[in-house]
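First residue of the sequence shown: 3, per our numbering; consecutive thereafter.
As structure tokens, the structure follows; a few thoughts come after it.
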Amino acid sequence: MARSIEDDAILLRAVDYRDTDRILTLYLRDGGRLSAIARGARASKRRFGGSLQPFAKLRIEYSAGRDLATLHRSSIDKINESLLHKLSCIQSAGEGTALVRDLCVDAEPEVRLFDSAVSFYDALGHSPDEEALCLAFMTRALCVSGLTPGLDQCIVSGV
3 MARSIEDDAI LLRAVDYRDT DRILTLYLRD GGRLSAIARG ARASKRRFGG SLQPFAKLRI
63 EYSAGRDLAT LHRSSIDKIN ESLLHKLSCI QSAGEGTALV RDLCVDAEPE VRLFDSAVSF
123 YDALGHSPDE EALCLAFMTR ALCVSGLTPG LDQCIVSGV
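As structure tokens, this is what we get:
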């Protein structure tokens, strides 16, 4: 049996598979992007107990596999419930998560990107302007990933 690994993670995508399983795309704080199967996730109240929620910092236990890791346990470490009470917050969080999913690379951790995403989720529930906060997060995420926008000259005139 493979060695069990624990790490902090955020859920980037979940797809139902077969009768009770889910295939997950997770972003690990210390391990980068990870594809994993959560066997019985839609039926198990004990191992996952509703913890596979978007926009939450999770604590997971998994074992590596050839194609997919196997998720053994998951628990919510941190979630901002006020984020889930406003549709514009959920939309902004979804846009930020989609960007993180596009920026992250398999097995290449970027701790600053992970921590920025967790901070973004925390701030969204308390922000009076979710759209501006989302734009600021996206700019930060691009900078952390080495894709800093060029703001030193006009793209139209070149000046």
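C-beta atoms are modelled at their ideal positions from N, C-alpha and C, and glycine is treated no differently.
What separation, rounded to the nearest whole angstrom, lies between the Cα atoms of residue i and residue j?
i           : j           : result
residue 125 : residue 39  : 30 Å
residue 20  : residue 120 : 31 Å
residue 117 : residue 80  : 12 Å
residue 25  : residue 151 : 34 Å
residue 142 : residue 133 : 14 Å
residue 4   : residue 75  : 15 Å
residue 17  : residue 46  : 16 Å
residue 54  : residue 82  : 14 Å
By the three-class DSSP mapping on this structure, what secondary structure does residue i have?
i           : result
residue 44  : coil
residue 74  : strand
residue 79  : strand
residue 13  : strand
residue 27  : strand
residue 143 : helix
Can you tell me whether residue i is buried or exposed? The criterion is at least 16 other CB atoms within 10 Å of its CB, across all chains shown.
i           : result
residue 10  : buried
residue 89  : exposed
residue 100 : exposed
residue 62  : buried
residue 84  : exposed
Touch check for the segment 33-48 and the segment 61-78: three-plus C-beta pairs under 8 Å? yes
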